[in-house]
Every structure is written in C-alpha cells, then in structure tokens.
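Let me begin by presenting the structure, written as structure tokens, before commenting on it.
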Amino acid sequence: MSAADAASAAFDAARVRADFPLLARRVHDKPLIYFDSANTAQKPAVVIEAVDRYYRQFNANVARAVHQLGSEATSAYEGARDRLARFVNASSRDEIVLTSGTTQAINLVAWSFALPRLGPGDEILVTTMEHHANIVPWQLVCERTGARLKVAPIDARGELVVADFVAALTPSVKLAAVTHVSNVLGTINPIAELARAARRRGIPLLVDGSQGAPHLPVDVRALGCDFYALTGHKLFGPTGTGALWARKEILAAMPPMFGGGEMIREVRFTGTTFADPPHRFEAGTPNIAGFVGLAAALDYLEALGAARVQAHEAALLDHLSRALRGVPGLHICGEAAHKVALVSFLVEGAHAHDLATLLDHEGVAVRSGHHCAHPLMQHLGVPATLRASLAFYNTHEEIEQFVAALVRVRRLLA
Ligand code: PMP
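Position in the sequence shown (first residue = 1) + 537 = our numbering.
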C-alpha cells in the first residue's frame with residue numbers, strides 16, 4: 538500500500554458523506570453516485586444550516602442599517618471576506634472582491650483592468666485548455682480595443698507547453714490568463730513557474746481558480762500571480778458566490794465596473810466619487826446568504842484537513858484512472874503528470890451523451906458535452922467527452938460501481 542493509499546484508507550469517507558444530505562438520495566431507484574463535482578459540488582449540512590440560520594435569525598441588508606439585524610448581517614458578510622482572505626492567504630482583506638463567481642470575477646478584470654489599458658497591437662495570452670469564462674471576456678475586450686488573443690499550446694498529454702508559454706510572453710502581451718486546473722483534462726498548471734516568468738517581463742497574470750481551489754491549497758503570495766478568481770459553488774458553498782483576489786495596488790488603480798449603491802463615497806449630480814476597493818466593485822445588495830454559506834463551507838474544509846483530503850483524492854484518481862484504462866476501447870483525454878481527481882474520456886462506438894443518459898439510469902451523475910471549452914474540444918478533435926469528476930466525499934466502492942455500470946451500459950449501445 539502506498540503512503541497515499543494508506544492516508545486514503547485512513548480518511549473516513551463514510552463519516553464525511555454523512556455530512557452531505559444529498560448524497561443519501563436515490564436516483565432512478567439506485568443509490569446516487571455523484572461524479573459531477575467539477576460542475577458543482579454538493580453542500581454539507583453546515584452550509585445549508587448557515588444559510589437557513591441567516592434567513593431565520595438575522596436577514597437584513599448590509600452596510601446600511603444601524604439596527605441590530607443590519608449589524609449582524611454586515612459582520613457575517615464581511616466575515617466571509619476575512620474567511621476568503623485567509624483561504625487564499627491574501628495580505629489584506631481589502632484584496633478580496635466578492636463576486637457572483639469566477640465568471641464575474643474575470644469579467645471585472647476584463648472590463649476594469651484590461652479594457653482601459655489595451656490598444657491595437659496589444660495581446661492577451663491564454664492557453665488551449667481554457668474554459669469559455671477565461672476566453673470570451675478577453676475576446677470582448679479585444680473587439681473593443683483592437684488587441685489580439687494569443688494562445689499557448691498544450692501537448693499530447695494535455696500539459697501546457699511551458700517553454701512555448703514563456704516564449705509567447707513578448708512585449709506586446711499586456712495580460713496573461715491561465716487556468717489553475719483544467720476542467721476537462723484535470724491538468725494542474727505550474728502557476729508559480731508561469732507567474733515568475735510573467736513577473737520578470739512585467740506582465741500581469743490572472744489565474745482562473747475555479748477548479749484549483751476545491752482541490753489544491755491556494756496561497757496567492759506563494760503562487761505569485763496578480764489576480765486569482767474562484768467560485769463558491771464548486772467549493773462546497775452556495776451558487777452565486779465567488780471572489781476575485783487581486784493585489785491592493787492593482788485594485789486601487791481599477792475604475793468601477795458597475796455603479797449603484799454601496800460603491801460610492803459621495804454622489805452629486807455634478808459627479809460621483811467612489812469607495813475604496815473592494816467595495817468600489819460591489820454595487821448593490823450582494824448575495825449575503827450565499828456568502829454566509831460560503832464562509833461555513835471554508836470552515837468545514839479547513840476542519841477536514843487539506844492534506845488528508847488531498848491524499849484521499851489522489852488515491853481516488855489513481856484508482857479511477859487504472860479502472861478506466863482497463864475498459865477496452867476507452868480513451869482517456871488528459872494524462873498529465875499532475876492532475877486533480879477528474880477524468881475525461883471517450884468510448885469507441887458510443888456517444889458521450891448516450892452513455893451519460895444510460896449511466897443516469899444507473900444512478901450515476903457524470904457530465905457529457907463540451908464542458909464550456911469549445912477550443913479545447915476542437916484541439917482534441919472531438920465534439921464531446923464524458924467526464925467523471927470526484928470530490929473527497931467519493932469512495933473507492935463508488936468507482937468500482939461506476940466502472941461496472943459503464944461496462945454494462947456500453948453493451949446496450951454495441
Ligand atoms: N473556469 C473554469 C475552469 C470552470 O470550470 C468554470 C465552471 N465550470 C468556470 C470558469 C466558471 O465558473 P462560474 O460559472 O461559477 O462562474
């Protein structure tokens with residue numbers, strides 16, 4: 538037994554599963570096997586209860602009311618900012634902008650940071666493995682500024698070609714944007730190395746942390762990037778929550794994107810002055826309940842222990858990859874040396890959607906499709922893949938049952 542297997546065996550998945558009410562349900566009269574956590578993760582009871590408690594006991598708007606409820610809601614909401622600052626190891630809570638998710642966080646950087654700085658001849662560097670959320674906002678900025686998108690390649694194993702990425706960091710590149718972890722291939726990108734190269738050339742680096750934050754320790758200071766975007770619903774928190782971490786001096790130089798309540802210092806018909814970051818970027822009433830839930834999710838994760846979770850997930854990935862390699866005619870997309878517990882694959886003679894539908898009838902939830910990564914699908918030369926994405930609440934037994942179900946349903950399509 539390897540050290541990782543031993544740690545995985547020590548991880549009490551049954552006890553952890555009991556924290557997630559939804560995992561106990563049946564689907565099509567079969568026990569649910571939820572292998573779609575990269576899409577959205579299930580929520581522990583402590584998160585659901587925190588949201589419930591907020592609405593039952595201290596629902597009020599934030600930063601406005603002087604009454605007791607208003608002050609309790611404000612301190613819970615601002616407490617979530619502190620919690621996120623600690624989660625990513627920010628130097629200051631003021632470096633955390635609360636957003637509706639990664640998509641809004643990246644769009645904020647696109648509109649407020651990139652748009653005013655870019656012009657014809659400038660470039661934004663991305664990679665082949667990006668999610669649409671880390672492509673389309675940059676394309677919109679390029680359309681308005683005359684800048685161009687430049688794409689760093691990946692190799693046959695689904696790893697970023699680091700030398701090509703570094704070579705692409707030419708003086709015309711004004712921003713680089715890279716995913717921490719590919720939502721299709723599972724590849725973990727060497728962010729610290731990329732950030733060092735970008736920094737040496739004075740090019741800001743944005744990291745799409747949607748798939749990284751749920752699996753890897755995030756230390757923005759150690760990573761050395763300039764922006765880190767994450768999404769709460771993949772972090773076992775409520776939907777409609779997320780954050781942008783950015784260096785203080787960068788946020789201070791960014792104009793607001795949305796105008797409205799909460800983001801101002803003083804408003805006159807002759808002109809308005811704006812609040813300091815991060816509130817400058819948080820116009821209107823936020824998802825208070827969601828952030829109360831997200832803070833509870835981060836507390837829960839911390840209590841589980843990152844090292845134990847990582848060891849368990851590594852053993853699950855190893856088991857899943859080995860089991861899938863044993864299925865004749867199955868091809869895994871993405872064999873990077875460093876991966877999270879996520880495997881995309883194709884099965885000869887069977888369409889991904891048909892397999893996913895049949896698997897659903899076996900109680901197995903996997904995603905099929907393009908995974909919001911059209912350019913990567915074009916690179917792979919396929920319209921869709923099946924993706925099994927795991928979390929720490931999954932078990933080795935589920936992997937066995939999933940692979941057995943896959944082999945069964947595949948026979949139906951033969
Ligand atoms: N980037 C990646 C890599 C993702 O996997 C996702 C979610 N599928 C997003 C961005 C977008 O996240 P959200 O929809 O929560 O904003």
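Ideal Cβ positions, reconstructed from N, Cα and C, are used throughout, including at glycine.
Exclusion of the five residues before and after R784 leaves E632 and D763 as the residues of its chain whose Cβ lies within less than 7 Å of its Cβ. When secondary structure is reduced to three states using DSSP, P558 falls in the helix class. The beta carbon of C870 lies closer than 8 Å to those of G695, V721, L722, S881, F882, L883, L917, V919 and T922 in the same chain, with the five residues before and after it left out. Secondary structure in the segment 609 to 636: the beta strand (DSSP E) runs of 3 residues or longer, each lying completely within the stretch, are 633 to 636 in chain order. For S881, the beta-bridge partners assigned by DSSP are C870 and R924. Closest by C-alpha distance to G866, out of L560, D836 and R948, is R948. Contact between the segment 548 to 558 and the segment 787 to 798 is absent, with fewer than three C-beta pairs closer than 8 Å. When DSSP assignments are scanned along the segment 634 to 686, the uninterrupted stretches of beta strand (DSSP E) that are 3 or more residues long and fall wholly within it turn out to be 660 to 664. Burial is judged here by how many other beta carbons sit within 10 angstroms of a residue's own beta carbon; R593 has fewer than 16 and is exposed.
Taking the Cα of L927 as reference, the smallest distance to any Cα among A951, V877 and E885 is reached at V877. Inter-segment contact for the segment 903 to 917 and the segment 822 to 830 is absent: fewer than three beta-carbon pairs are separated by less than 8 Å.
With distances taken between CA atoms, M791 lies nearest to R654 out of P708, R654 and A732. Taken through DSSP and simplified to helix, strand or coil, E803 comes out as strand.
By the neighbour-count criterion, in which 16 or more other beta carbons inside 10 Å mark a residue as buried, T707 falls on the exposed side.
Every beta strand (DSSP E) of 3 residues or more that sits fully in the segment 801 to 847 is shown, in chain order, as 801 to 805 and 808 to 811.
Secondary structure note for A713: it is in no alpha helix (DSSP H), and the uninterrupted beta strand (DSSP E) holding it is V710 to T716. Rounded to the nearest whole angstrom, the CA to CA distance from L950 to G886 is 8 Å. DSSP places Y930 in no beta strand (DSSP E); its state is neither H nor E. Here T716 really is in contact with Q748; their C-beta atoms are around 7 Å apart, less than 8 Å. Classified as exposed, A551 has fewer than 16 neighbouring CB atoms from the shown chains inside 10 Å of its CB. An exposed status is given to Q605, since fewer than 16 other beta-carbon atoms sit within 10 Å of its beta-carbon.
In the three-state scheme derived from DSSP, where H, G and I count as helix and E and B as strand, K567 is classed as strand.
K771 has its CB nearer than 8 Å to a heavy atom of the ligand PMP.
Excluding the 5 residues flanking it on each side, T809 has same chain C-beta neighbours closer than 6 Å at I801, in chain order. Residue environment for H565: exposed (fewer than 16 other C-beta atoms within 10 angstroms of its C-beta). Secondary structure note for A602: it is in no beta strand (DSSP E), with a DSSP letter that is neither H nor E. Closest in C-alpha terms to D813, from the list V698, E799, P823 and T822, comes E799.
Rounded to whole angstroms, the Cβ separation of A910 and H752 is 18 Å, and the two are not in contact under 8 Å.
With a cut-off of 8 Å on Cβ pairs, the segment 656 to 663 is not in contact with the segment 625 to 640, counting fewer than three such pairs. Burial of E935 is indicated by the presence of at least 16 other C-beta atoms within 10 angstroms of its C-beta. Closer than 8 Å to some heavy atom of the ligand PMP: that does not describe the Cβ of D573. At least 9 Å separates the beta-carbon of Y591 from that of P823. Spanning the alpha carbons of L913 and T724 requires a straight line of approximately 13 Å. No Cβ-Cβ contact shorter than 9 Å links T768 with G761.
Relative to the ligand PMP, the beta carbon of T682 is positioned no closer than 8 Å to any heavy atom. Secondary structure at A704: helix, using DSSP grouped into helix, strand and coil.
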